[in-house]
Structures are given as structure tokens and as C-alpha cells.
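> Counting from 40, one number per residue, gives the positions in the sequence shown under my numbering. In this text, a Cβ means the ideal position worked out from N, Cα and C, and glycines have one as well. Pasting a structure below so you can have a look.
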Amino acid sequence: MRVAHKKILKLSVAVTDYGGATQWVVDAARGTEGRYVCVANVHMCMESFDSPDFRQVVNNADLVVADGMPLVWALKSLGEKQACQVRGSDLLLRLCAAAEKGNIPIGLYGGTPDSLRDFKSFLAREFPSLDIACTVSPPFRPLDIQEDAGYVEQINAAGAKILFVGIGCPKQEKWMAEHRDSLACVMVGVGAAFDFFSGRKKHAPRWMQRAGLEWLFRLACEPGRLWKRYSRHNPRFIWHFGKQLLRLRFNQAAGNRFH
Numbered sequence: 040m041r042v043a044h045k046k047i048l049k050l051s052v053a054v055t056d057y058g059g060a061t062q063w064v065v066d067a068a069r070g071t072e073g074r075y076v077c078v079a080n081v082h083m084c085m086e087s088f089d090s091p092d093f094r095q096v097v098n099n100a101d102l103v104v105a106d107g108m109p110l111v112w113a114l115k116s117l118g119e120k121q122a123c124q125v126r127g128s129d130l131l132l133r134l135c136a137a138a139e140k141g142n143i144p145i146g147l148y149g150g151t152p153d154s155l156r157d158f159k160s161f162l163a164r165e166f167p168s169l170d171i172a173c174t175v176s177p178p179f180r181p182l183d184i185q186e187d188a189g190y191v192e193q194i195n196a197a198g199a200k201i202l203f204v205g206i207g208c209p210k211q212e213k214w215m216a217e218h219r220d221s222l223a224c225v226m227v228g229v230g231a232a233f234d235f236f237s238g239r240k241k242h243a244p245r246w247m248q249r250a251g252l253e254w255l256f257r258l259a260c261e262p263g264r265l266w267k268r269y270s271r272h273n274p275r276f277i278w279h280f281g282k283q284l285l286r287l288r289f290n291q292a293a294g295n296r297f298h
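Structure below.
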């Protein structure tokens, strides 16, 4: 289940596609060890760049896929021409299809009771034989020890083997890292996917996704919440990755002169 990775700034991202990522999760779900998957975009890349602690959380993940097109373009510019986008929402659907076919129980962690109810209804329509072993809507505050232990016991007792975690970056990545040793499943951080599929948020049009403009669509939908994130992270990502690429080109040119 080894996957090739490439460093974008300080974040290690897998060079894979939907088929490879889906098969990796399915194979891991048939084991007994806790594992976790991060779905990376520019926000996660820059959070990892800024915070050594969060960088360790993400780089210690068992799989990190390129959710955002800018990361795909970065991989390609670093020589990984076969790099593909693996959007968290689309990966979720593919994993649900694979879980239904392979009789693999799934679980949902995150969202509100209402959004989980509507998301379960969506899954029941799309994947009628899918085994949804458990759903957990934790409170929007830090959990105490007893609450956390209770959720861990609930998830393990239900037998969920793929757990979709939708509590937002960087909270969900930290939560998955903290629970890898206590949960016997593969955790996949899916951000706002529950809200997308329950109809509470809109997907960007496919052309905007392919053009790397999904961030612009989300900014237009939620300007008050997202403008600081994008104005802070996007220009710095371009600047720092530009420097990484220039260093690479310079080193390649220098190496060619000595051969």
C-alpha cells in the first residue's frame, strides 16, 4: 500500500488518483489498525507551513491526497506529470460505492444532527445497501475525557471500518491523529462534505473546480468566514512555492552543467 509522495513547501502529498486512493482506503479498512487520510488544499498546505505541530500531524498521516487544483499543478511542475486531483467530496462518493460493494461498514463523525440526518438520507438514496454503522454529531466545543471515550467506544462497538470525519481543517486532522491508536478504522477528513451532500452548501461548478477556482466560488458563498483565510494563504502560497520551484530549476541547471 505504499504510495509515492512529493513535498510541496513542507507538506508531503501523495501522487495518486481516485482509483489509487480508493483502493488504498479499502485495503486499509480490511485491516485492524487505525489509519487516517488527509485531503489537502492550499489552506492545509499553508497551515502546515506555518505550524510545526500541525505539519507533523499531516505529514504523519497514512495518506495525503491533493484536493485542490493548485496542489495538482504544483505536483506537475515538480515533475509528477501523472498527478491527479482527488477532491474530498468525490472521494467520499467513490469510497461509499466501494464500501457498499465490499460490505464495509462506514461511520460519520461531525456535523449537526440535522445535517447528518439529511446526509444519511442522501446516502440511502445513492447507496441503498451501504451499511452506515454509526453517526456521531459531537458538540462544537472541546470534548471532556468521558465524552471522547464514549464516542470512541461507540464507533468501535458499531464496527465502522471507514469513518468520514467532517469537523473542518485543522480540527479534523488533529482529531484523527489523536485517535489513530484508539479507533480500529480508516479515518478520512472530508471537511464540509456533509453540508454539500445534505444541501446546506453548494458545490462549485465543475468548470470552476477544474480551473482551480473552487476557492473563489466558496468565497462568494461565505465571504465573512473565508476572506481572511484566502487573502492570507493564497498569495503566500504562490510566493513560497514560486521560490521552491526556482530553487529546483536552479539546482537542475547547476547539475546539468556538471554532467
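Rounding to the nearest angstrom, what Cα-Cα distance links A138 and R288 in this structure?
Approximately 43 Å between the Cα atoms of the pair.
> According to the Cβ coordinates, are C173 and A197 closer than 7 Å?
Closer than 7 Å, so yes.
> Compare the Cα-Cα distances from C208 to each of V81, E165, A199 and N99 and report the closest residue.
Selected option, being the one with the closest Cα: V81.
> Which residue marks the beginning of the beta strand (DSSP E) containing R164, and which one marks its end?
Segment P152 to E165 is the alpha helix (DSSP H) holding R164; no beta strand (DSSP E) there.
> For C224, does the three-state DSSP call read helix, strand or coil?
DSSP places C224 in coil when its eight states are reduced to three.
> With respect to the alpha helix (DSSP H) encompassing C135, which residues constitute its N-terminal and C-terminal limits?
Per DSSP, C135 belongs to the alpha helix (DSSP H) from G127 to G141.
> To the nearest angstrom, how far is it from the Cα of H242 to the Cα of F235?
Looking at the two C-alpha atoms, the distance is approximately 6 Å.
> Please confirm whether C84 and I47 have their CB atoms less than 7 Å apart.
Yes; because the gap between Cβ atoms is below 7 Å, this pair is in contact.
> Assign P109 to buried or exposed, taking buried as 16 or more other Cβ atoms, counted over all protein chains shown, within 10 Å of its Cβ.
Buried, by the Cβ-count rule.
> Candidates F203, R164 and K210: which alpha carbon is nearest F179's?
Of F203, R164 and K210, the residue nearest in Cα terms is K210.
> Could you name the residues of the same chain whose beta carbon sits closer than 8 Å to that of I143, not counting the 5 residues immediately before and after it, in chain order?
Answer for I143: V65, A68, R69, A137, D170, K200 and I201, listed in chain order.
> When burial is assigned at 16 or more other CB atoms within 10 Å of the CB, is C260 buried or exposed?
Its Cβ having fewer than 16 others within 10 Å, C260 is exposed.
> On the DSSP bridge list, what partners appear for L147?
Beta-bridge pairing links L147 to T174 and F203.
> How far does the beta strand (DSSP E) with L50 in it extend, from its first residue to its last?
Where L50 is concerned, the enclosing beta strand (DSSP E) stretches over L50 to A53.
> What does the alpha-carbon distance come out to for the pair V227 and M215?
Taking the straight line from one Cα to the other gives about 8 Å.
> Are there three or more Cβ pairs, one per stretch, closer than 8 Å when the stretch 112-128 is compared with the stretch 147-154?
Touching, no, given that fewer than three Cβ pairs across the two stretches are closer than 8 Å.
> Closer than 7 Å by C-beta to S154: which residues in its own chain qualify, once you throw out the five before and the five after it? Chain order, please.
Within the same chain, S154 has close Cβ partners F233, D234, S237 and R239.
> Specify the secondary structure class of L285 as computed by DSSP and reduced to three states.
Three-state DSSP puts L285 in a helix.
> Give the straight-line distance between the Cα atoms of H218 and P177, rounded to the nearest whole angstrom.
The alpha-carbon atoms of H218 and P177 are separated by roughly 15 Å.
> Could you compute how far the alpha carbon of L114 sits from the alpha carbon of L102?
For L114 and L102, the distance between alpha carbons rounds to 16 Å.
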